[in-house]
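What follows is a single structure, written as structure tokens, with notes after it.
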Amino acid sequence: MQFRNFKMVGYVVYGRGCFNQLNEILAPHRKNNAPIIFLVDHFFECKPLINKIPLQGNDKIIFANVTYEPKTTQVDSIAEQLKNEFGTVSGIVGIGGGSTMDLAKAVSLMMNNPGSSADYQGWDLVKQAGVYKVGIPTLSGTGAEVSRTTVLTGPARKLGMNSDFTPFDQIILDPELTKNAPGNQRFYTGMDCYIHCIESLEGTFLNEFSKSYGEKALQLCRDIFLGKETWDDECDDKLMMASYAGGMSIAYSQVGVAHAVSYGLSYVLGTKHGIGNCIVMNHLEEYYPQGHKEFKKMVDKGGYEIPNGICSNLTEEQFESMMNVSLSLKPLWENALGKNWEAIMTKQKLRKLYERL
Ligand code: NAD
Ligand code: ZN
1498 MQFRNFKMVG YVVYGRGCFN QLNEILAPHR KNNAPIIFLV DHFFECKPLI NKIPLQGNDK
1558 IIFANVTYEP KTTQVDSIAE QLKNEFGTVS GIVGIGGGST MDLAKAVSLM MNNPGSSADY
1618 QGWDLVKQAG VYKVGIPTLS GTGAEVSRTT VLTGPARKLG MNSDFTPFDQ IILDPELTKN
1678 APGNQRFYTG MDCYIHCIES LEGTFLNEFS KSYGEKALQL CRDIFLGKET WDDECDDKLM
1738 MASYAGGMSI AYSQVGVAHA VSYGLSYVLG TKHGIGNCIV MNHLEEYYPQ GHKEFKKMVD
1798 KGGYEIPNGI CSNLTEEQFE SMMNVSLSLK PLWENALGKN WEAIMTKQKL RKLYERL
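Mind the numbering: the sequence shown is residues 1498 to 1854 in my numbering, read in order.
Encoded structure:
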């Protein structure tokens, strides 16, 4: 038996207002004239947060366009631009939702690895450490702040650069930064965390390590999405820790059916991760009966909107491509359905599921 020996984030700071320590945290990592690059979610352009970024010397803010989820071409072009302008940089600080955090991780890696980020989509293909990288989430739920992957859409596949070099050197968890996120977006990203918990806890890869984190994250999600009448600061505090713990849970297990199916949606239709998982979870009573029921309760309680009928006008070719993307995610299916998963999740069965979405 080979046990997974996984690399974790180097440093963690948590608390309301801890963003203000950023300058002090970065100081020892500044090298000669090489700047720190702040890769910031475009939502924050012209927002007060920008004035709190501790710019020095030739530091630079780049606004990340996250209208679409990160692409390998986007990563390559930012890394190229930085190499042309500065040669090297002291570090990359990603400030934003899961998309911006993934971009920051990937750009950091591509500052020190040759070729295109598409060459590294897969497991353990990255050979060199990236430049110093810091993750500062402004939405809670994806667990991208703790994971060893950065999910990218490339020319041939949607797959992460999964490696020991991928986790951040430092994360700054300041729940104040998530305060003004729109309710629907906060819910979709929060449900990503809830779904991580269900898929991990109901999966065949479960062990006591992932169970401990998964149960805690699940309890926090229940407190937030079922226990509270209105959203308050405590919800932001709790959801940030739920995201962290949910991410730690899947680090030692795996996600499952909702993610495997939603990756297909995302590849073919560009459906975003959080909402895509919700669209699928809405129809997973057969695989996660309890989780599905509770998910519906959370949706109803908050009056959130989960789209329906998104596959109603697909061509045969699109269905085929969706199913191929989904079925290629073998570890996810094996975690969800066991070693014999191929006999259970036939193409025909998956097609029926897609048709219902
Ligand atoms: P996101 O980063 O795609 O952002 C969604 C929207 O919210 C964007 O329009 C963004 O501008 C906006 N936004 C971000 N912070 C905000 C704030 N505080 N206030 C208002 N608006 C804000 O959303 P997400 O759900 O956090 O991330 C999804 C992405 O994360 C996907 O690309 C997915 O592939 C990735 N992901 C990665 C991992 C991993 O382990 N690396 C895990 C899960 C998901
Ligand atoms: Zn997810």
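We put the beta carbon where it would ideally sit given N, CA and C, even for glycine.
> Looking at the structure shown, is P1828 part of a helix, part of a strand, or coil, going by DSSP?
Replying inline: One-based indexing of the sequence shown puts residue 1828 at position 331. Here P1828 sits in helix by DSSP.
>> Let me make sure I understand the geometry here. Which of Q1499, G1753, I1668, C1775 has the alpha-carbon closest to that of G1594?
In response: Here residue 1594 refers to the residue found at position 97 when the sequence shown is read from its first residue. Residue I1668 is the option with its Cα nearest to G1594.
>> So, under 8 angstroms CB-CB, T1794 and L1717 are touching, yes? Tell me the CB distance rounded to an integer number of Å.
In response: Here residue 1794 corresponds to residue number 297 of the sequence shown, with the count starting at 1. Here residue 1717 corresponds to residue number 220 of the sequence shown, with the count starting at 1. The identity of residue 1794 in the sequence shown is Lys, whereas the question assumes Thr. Actually they do not touch by this definition, with Cβ atoms about 16 angstroms apart.
> Using DSSP with H/G/I as helix, E/B as strand and the rest coil, what is M1658?
Replying inline: The sequence position of residue 1658 within the sequence shown is 161, counting from 1. Here M1658 sits in strand by DSSP.
>> Assuming contact is defined by CB atoms lying nearer than 7 angstroms, are S1587 and I1547 in contact in what I supplied?
In response: Counting from 1 along the sequence shown, the entry for residue 1587 is found at position 90. Counting from 1 along the sequence shown, the entry for residue 1547 is found at position 50. Not closer than 7 angstroms, so no.
>> With a threshold of 6 angstroms (Cβ to nearest heavy atom), would D1689 be considered close to the ligand ZN?
In response: Position 192 of the sequence shown, counted from the first residue, corresponds to residue 1689. Yes, Cβ of D1689 sits closer than 6 angstroms to a heavy atom of the ligand ZN.
>> Does A1840 pass the burial test, meaning 16 or more other C-beta atoms within 10 Å, or should it be called exposed?
In response: On the sequence shown, position 343 is the one that residue 1840 refers to. A1840 comes out exposed.
> DSSP state of F1792, grouped into three classes?
Replying inline: Counting from 1 along the sequence shown, the entry for residue 1792 is found at position 295. If DSSP states are grouped into helix, strand and coil, F1792 belongs with the helices.
> Excluding sequence positions up to five away, which residues of its chain have a Cβ less than 6 angstroms from the Cβ of H1789?
Replying inline: Along the sequence shown, one-based indexing puts residue 1789 at 292. Here the set comprises L1781, E1782.
> Do the segment 1804 to 1813 and the segment 1742 to 1757 make contact, defined as three or more Cβ pairs closer than 8 angstroms?
Replying inline: no
> Is D1661 near the ligand NAD, in the sense that its beta carbon is under 6 angstroms from a heavy atom of that ligand?
Replying inline: Along the sequence shown, one-based indexing puts residue 1661 at 164. Placement of the Cβ of D1661 at a distance of 6 angstroms or more from every heavy atom of the ligand NAD is found.
>> I believe R1853 touches F1816 by the beta-carbon criterion, under 8 angstroms. Please report the beta-carbon distance rounded to the nearest angstrom.
In response: In the sequence shown, counting from the first residue as 1, residue 1853 sits at position 356. In the sequence shown, counting from the first residue as 1, residue 1816 sits at position 319. Not a contact, Cβ separation roughly 13 angstroms.
> Do the CB positions of P1672 and M1598 come within less than 7 angstroms of each other?
Replying inline: Residue numbering aside, residue 1672 sits at position 175 when the sequence shown is read from its first letter. Residue numbering aside, residue 1598 sits at position 101 when the sequence shown is read from its first letter. Against a cut-off of 7 angstroms, the Cβ pair of M1598 and P1672 comes out as no contact.
> Is it the case that the Cβ atoms of C1694 and G1711 are separated by a distance below 7 angstroms?
Replying inline: Residue 1694 sits at position 197 when you count from the first residue of the sequence shown. Residue 1711 sits at position 214 when you count from the first residue of the sequence shown. Result yes, Cβ atoms of C1694 and G1711 sit closer than 7 angstroms.
> Which one or two residues does DSSP pair with R1591 in a beta bridge?
Replying inline: Residue mapping note: residue 1591 aligns to position 94 of the sequence shown, counting from 1. The sequence shown places Gly at residue 1591, not Arg. Partner(s): L1536, G1632.
> So, helix, strand or coil for W1838, using DSSP?
Replying inline: By 1-based counting over the sequence shown, the position of residue 1838 is 341. The answer is helix: DSSP assigns W1838 an H, G or I state.
> Roughly how many whole angstroms lie between the Cα atoms of T1675 and E1642?
Replying inline: Counting from 1 along the sequence shown, the entry for residue 1675 is found at position 178. Counting from 1 along the sequence shown, the entry for residue 1642 is found at position 145. C-alpha separation (whole angstroms): 14 angstroms.
>> Excluding the 5 residues flanking S1823 on each side, which residues of the same chain have their C-beta closer than 7 angstroms to its C-beta?
In response: Position 326 of the sequence shown, counted from the first residue, corresponds to residue 1823. Excluding sequence neighbours, S1823 sits near A1757, V1758, Y1760, G1761, L1847.
>> I want to check one thing, is the minimum distance from the CB of E1699 to the heavy atoms of the ligand NAD below 6 angstroms?
In response: Stepping through the sequence shown from its first residue, residue 1699 is reached at position 202. No, since every heavy atom of the ligand NAD falls outside the 6 angstroms radius drawn around the Cβ of E1699.
> How big is the Cα-Cα spacing for L1552 and V1628?
Replying inline: Here residue 1552 refers to the residue found at position 55 when the sequence shown is read from its first residue. Here residue 1628 refers to the residue found at position 131 when the sequence shown is read from its first residue. Spanning the two alpha carbons is a distance of roughly 18 angstroms.
> So, A1601 versus G1591, is the Cβ gap smaller than 7 angstroms?
Replying inline: Along the sequence shown, read from residue 1 onward, the residue named residue 1601 stands at position 104. Along the sequence shown, read from residue 1 onward, the residue named residue 1591 stands at position 94. Yes. Within cutoff.
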